[in-house]
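Residue numbers (my numbering): 531 to 864.
For each residue, glycine too, the CB sits at the ideal point set by N, CA and C.
Predicted model only: the values in this text are computed from it and were never measured.
Everything on this sheet refers to the single structure shown next.
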Amino acid sequence: MSLFWRIFLLNALVLAVATAVLLWAPVTVSVPILLTEAVVLTGGLIVMLLANAVLLRIGLAPLERLTRMMTTIDLLRPGQRLPVTGHGGIPDLLRTFNEMLDRLEAERSTSNARALSAQEAERRRIAQELHDEVGQSLTAVLLELKRVADRAPEDLLEDLGHAQETTRGSLDEVRRLARRLRPGVLEDLGLVSALTSLATEFSTHTGMTVRRRFPPGLPPLDREVELVLYRVAQEGLTNVARHAEASTAEVSLRRTADCVELRITDDGLGPGIVREGAGIRGMRERALLVGARLSIGPRPGGGTEVLLQVPVDVPSDAPSSGDRTPTGTGDRNE
Numbered sequence: 531m532s533l534f535w536r537i538f539l540l541n542a543l544v545l546a547v548a549t550a551v552l553l554w555a556p557v558t559v560s561v562p563i564l565l566t567e568a569v570v571l572t573g574g575l576i577v578m579l580l581a582n583a584v585l586l587r588i589g590l591a592p593l594e595r596l597t598r599m600m601t602t603i604d605l606l607r608p609g610q611r612l613p614v615t616g617h618g619g620i621p622d623l624l625r626t627f628n629e630m631l632d633r634l635e636a637e638r639s640t641s642n643a644r645a646l647s648a649q650e651a652e653r654r655r656i657a658q659e660l661h662d663e664v665g666q667s668l669t670a671v672l673l674e675l676k677r678v679a680d681r682a683p684e685d686l687l688e689d690l691g692h693a694q695e696t697t698r699g700s701l702d703e704v705r706r707l708a709r710r711l712r713p714g715v716l717e718d719l720g721l722v723s724a725l726t727s728l729a730t731e732f733s734t735h736t737g738m739t740v741r742r743r744f745p746p747g748l749p750p751l752d753r754e755v756e757l758v759l760y761r762v763a764q765e766g767l768t769n770v771a772r773h774a775e776a777s778t779a780e781v782s783l784r785r786t787a788d789c790v791e792l793r794i795t796d797d798g799l800g801p802g803i804v805r806e807g808a809g810i811r812g813m814r815e816r817a818l819l820v821g822a823r824l825s826i827g828p829r830p831g832g833g834t835e836v837l838l839q840v841p842v843d844v845p846s847d848a849p850s851s852g853d854r855t856p857t858g859t860g861d862r863n864e
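Here's what the structure looks like:
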């Protein structure tokens, strides 16, 4: 039965009951209407309106749930679906809405994969140009300043020394940017070494204490999964530096029964201080790319906790991927 006929029949039922009451009840209407008759008619009208409102509320409740879902749905948090309940055309409407969400999430995942792949390719290209073009140019400038300083008079040595230090600092910054854009250590030595290097660089650059916990036993991971874990850790530490006002952070990576967990915690202000922006949404998009679960919330004792859970399906005795070198890692703190 369509929604139109359901509403029509509900109203017809209310009117039929009211008509039957008027027909069989010992109630008459005088001209002019007496006060008691006006009270009875007004009470009957109120009862009909209330009955109609209750029946319509029950009949249209699934549509209200659909409206709330449509205003709050977020494709970066997949799996939100409405229960298919009700009668008439309402279950078909809810089922169609859920199928639409399935298609949108699949298309979003595909487009995200293409966009992130193009983004990583562009990062590699920019990092290569920074290293080959800007880095070599600054190195040439630094060597030229050294040759000029060797022949310069005494009163110019201090100025040339400042110019050399500025150029050397710019060269170090270019190299640091190139490493952030293209983590070569991730490709060469593996995820644990890359995260160790990231934490060390972050601590040196910000002055914050960064603890690392990387117990052995990680399963083999795809390059794509390793890159997602690295980028989420990178963005998580960046958010700590920008917003948390923390003095200590911790990066941990461990294996559980069915997934690999990356956890970034800090002792700062906690979540809710800053609105969710492009950085966190980028983390959610990367998590969706590998079917991972990302949660960001308060940390027990204060601060924020970022938890990324990447599902894995490997035998329990599979060899650990960890580093690509034979050196062990264990728990390490900095």
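Judged by DSSP secondary structure, V758 falls within the alpha helix (DSSP H) whose first and last residues are R753 to N769.
R705 is positioned such that its CB atom lies no closer than 9 angstroms to that of P749. Per the C-alpha coordinates, the member of L539, L571, A708 and E637 positioned closest to A657 is A708. In the structure shown, G699 adopts helical secondary structure according to DSSP, grouped into three states. Shortest Cα-Cα distance from L687 to any of R698, L675 and T697 involves L675. Comparing alpha-carbon positions, the option among S667, A645 and A583 lying closest to L818 turns out to be A645.
L545 sits away from L585, with the two beta carbons spaced by 9 angstroms or more. Listed as beta-bridge partners of S727 by DSSP are no residues whatsoever. R706 carries a helical assignment under DSSP once its states are collapsed to helix, strand and coil. Looking at the DSSP output, T739 sits in a beta bridge with T778.
Between the segment 740 to 748 and the segment 687 to 701 there are fewer than three C-beta pairs closer than 8 angstroms, too few to call the two in contact. R829 carries a coil assignment under DSSP once its states are collapsed to helix, strand and coil.
Taking C-alpha positions only, T734 is separated from L719 by approximately 21 angstroms. Contact annotation, E754 with N642: C-beta distance approximately 12 angstroms; criterion of less than 8 angstroms not satisfied.
A direct Cα-to-Cα measurement between E629 and I620 gives close to 14 angstroms.
Cβ contact annotation for R823 (same chain, cutoff 6 angstroms, sequence separation greater than five): Q839, in chain order. As for any beta strand (DSSP E) of minimum length 3 sitting wholly inside the segment 593 to 654, there is none.
In this model, L580 and L571 are separated by some 14 angstroms (Cα to Cα).
Judged by pairs of C-beta atoms under 8 angstroms, the segment 710 to 729 touches the segment 754 to 770, as three or more such pairs exist.
In this model, L660 and D622 are separated by some 56 angstroms (Cα to Cα). Around the C-beta of E756, 16 or more other C-beta atoms lie within 10 Å, and the residue is accordingly described as buried.
The alpha-carbon of E684 is positioned some 45 angstroms away from that of S777. Taken through DSSP and simplified to helix, strand or coil, D797 comes out as coil. Taking 8 angstroms as the upper bound for CB-CB distance, F627 and L590 are not in contact here, some 15 angstroms apart. Judged by pairs of C-beta atoms under 8 angstroms, the segment 661 to 680 does not touch the segment 721 to 732, as fewer than three such pairs exist. For the pair L672 and Q610, the Cα-to-Cα distance works out to about 57 angstroms. In the DSSP secondary-structure assignment, V836 is bridged to I794 and I826. Cβ contact annotation for A771 (same chain, cutoff 6 angstroms, sequence separation greater than five): T736, in chain order.
Counted as a single uninterrupted DSSP element, the alpha helix (DSSP H) harbouring A670 occupies residues G665 to R681. With a 10 Å radius around the Cβ and a threshold of 16 neighbouring Cβ atoms, E780 comes out buried. The C-alpha of E731 is placed about 24 angstroms away from the C-alpha of P801.
Here M599 has Q610, L612 and F627 as same chain residues with Cβ atoms under 8 angstroms from its own Cβ, once five neighbours each way along the sequence are excluded. About 11 angstroms separates the beta carbon of T726 from that of R743, a gap too long to meet the 8 angstroms contact definition.
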